[in-house]
Amino acid sequence: MKKVLENIIEKNREWSKRGEVASYIPELAKANPNALGICVTTLDGEEYFAGDYDSKFTIQSISKVVTLMLAILDNGTEYVFSKIGMEPTESAFNSIVNLENNKQKKPLNPMINAGAIATVSLISGETAEEKFNRILKFTRKITGNDTIDVNNNVYLCEKATGDRNRALAYFMKGNGIIQGDVEDILDVYFKACSMEVTCRDISRIGALLANAGVLLNNERVISREACRIIKTIMVTCGMYDASGKFAVHIGIPAKSGVGGGIMAAVPRRMGIGVLGPSLDHKGNSIAGIKVLESLSQEFDLSIF
Ligand code: GLU
Numbered sequence: 232m233k234k235v236l237e238n239i240i241e242k243n244r245e246w247s248k249r250g251e252v253a254s255y256i257p258e259l260a261k262a263n264p265n266a267l268g269i270c271v272t273t274l275d276g277e278e279y280f281a282g283d284y285d286s287k288f289t290i291q292s293i294s295k296v297v298t299l300m301l302a303i304l305d306n307g308t309e310y311v312f313s314k315i316g317m318e319p320t321e322s323a324f325n326s327i328v329n330l331e332n333n334k335q336k337k338p339l340n341p342m343i344n345a346g347a348i349a350t351v352s353l354i355s356g357e358t359a360e361e362k363f364n365r366i367l368k369f370t371r372k373i374t375g376n377d378t379i380d381v382n383n384n385v386y387l388c389e390k391a392t393g394d395r396n397r398a399l400a401y402f403m404k405g406n407g408i409i410q411g412d413v414e415d416i417l418d419v420y421f422k423a424c425s426m427e428v429t430c431r432d433i434s435r436i437g438a439l440l441a442n443a444g445v446l447l448n449n450e451r452v453i454s455r456e457a458c459r460i461i462k463t464i465m466v467t468c469g470m471y472d473a474s475g476k477f478a479v480h481i482g483i484p485a486k487s488g489v490g491g492g493i494m495a496a497v498p499r500r501m502g503i504g505v506l507g508p509s510l511d512h513k514g515n516s517i518a519g520i521k522v523l524e525s526l527s528q529e530f531d532l533s534i535f
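Residue numbers (our numbering): 232 to 535.
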């Protein structure tokens, strides 16, 4: 397996040159565009690595899966999906247009920014600090990594430049979708996006989903049913407005982030974490997608 992963990384490295690192959050522009790494965690607990697998990056939108798990644990699926839809979108991840267009004024799904901000607003906690600490603790638990923390520079930069997210949040408050202090909710969202992880950490999150909500130490942290819903939404919405193409070519539930990470869950088989900060025009890791395509073909991983 290790040899196969190494070959896949080397074969696809050149794809990084065809994309660009995210720069709308200036701090993200400092990422190394040529980094490319992978970690596979199989459900019998084996880990396989290749390339720049131990480089740190901010989790960004992959945190949307983590906060969705926690919001479901706190409120149940029925309540969460009374506030947030389950429908894919052809608009960009930070689009505002659908919030006005759809009749119920609900964000379309929890994998776009509006939906994730609404998801974060549902997480229990008296204060923003308490809410975020619960997210951090939960992330450390499901990755088995107690050292995960916020990259403060990225967090401050997100907060300083996050006016589009602010617009989405105030719009949803105006429509009664979110309650409470908008700046506090955004603060939790920005911090959640700024948690620093490695390929190994996100492959562990993928393994949890692949294992229907049970950690590798056999502890159940989320129900099988919640996992089924989350994996389905990852298939239809996890790769932004490129989710359809990704489902056709790769066929694995996955979630990407603008930090260059992709977390993927192959049901009953493995979790996968990929890093490649150079992004395509939809905001997905350009070489990361190619790595997952090669892996999917090599091991026949498509769920379809
Ligand atoms: N923090 C990012 C934002 O809200 C997350 C975007 C992403 O990874 O898609 O702009």
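Note that beta-carbon positions come from the ideal geometry of N, C-alpha and C, so glycine has one too.
Should residue i be labelled buried (16 or more other beta-carbon atoms within 10 Å of its own) or exposed?
| i | result |
| --- | --- |
| K248 | exposed |
| R518 | Going by the sequence as given, residue 518 is Ala instead of Arg. The residue is buried, with at least 16 neighbouring Cβ atoms inside 10 Å. |
| S313 | exposed |
| A441 | buried |
| R499 | exposed |
| V297 | buried |
| F421 | buried |
| N383 | exposed |
| N344 | buried |
| E522 | A quick correction: the sequence has Val, not Glu, at residue 522. With 16 or more other Cβ atoms within 10 Å, it is buried. |
| S355 | exposed |
| N329 | buried |
| F535 | exposed |
| D432 | buried |
| T378 | exposed |
| D283 | buried |
| V479 | exposed |
| Y279 | buried |
Rounded to the nearest angstrom, how far is the Cβ of residue i from that of residue j, given a contact under 8 Å?
| i | j | result |
| --- | --- | --- |
| A253 | L510 | 6 Å |
| A400 | I464 | Not quite, the Cβ-Cβ distance comes to about 21 Å (not below 8 Å), so this is no contact. |
| G475 | S292 | Between S292 and G475 the Cβ distance is about 18 Å, and since that is not below 8 Å, they are no contact. |
| G514 | F324 | 6 Å |
| R459 | G375 | Incorrect: roughly 23 Å between the Cβ atoms, too far for contact. |
| T289 | M426 | 7 Å |
| I461 | M317 | No, I461 and M317 are not in contact; Cβ-Cβ is about 11 Å, not under 8 Å. |
Once DSSP output is grouped into helix, strand and coil, what is the label at residue i?
| i | result |
| --- | --- |
| V271 | strand |
| M300 | helix |
| T350 | helix |
| E309 | helix |
| E414 | helix |
Since residue i is in the alpha helix (DSSP H), which residue starts that stretch and which ends it?
| i | result |
| --- | --- |
| Y284 | Looking at the DSSP string, Y284 is not in any alpha helix (DSSP H), and its letter there is neither H nor E. |
| L330 | V328 to N332 |
| E361 | A359 to T374 |
| G405 | D394 to G405 |
| N325 | Run containing N325: none; DSSP gives neither H nor E here. |
| G538 | Residue 538 lies beyond the range of the chain shown here (232 to 535); nothing can be said about it. |
| K233 | K233 to N243 |
The beta strand (DSSP E) that contains residue i, what's its start and end?
| i | result |
| --- | --- |
| M501 | M501 to L506 |
From the DSSP output, which residues share a beta bridge with residue i?
| i | result |
| --- | --- |
| L440 | Paired residues: none, contrary to the question. |
| A485 | A495 |
| R451 | V445 |
| M426 | V381 |
| E278 | T272 |
| T463 | Its beta-bridge partners do not exist; DSSP assigns none. |
| L510 | E251 and S516 |
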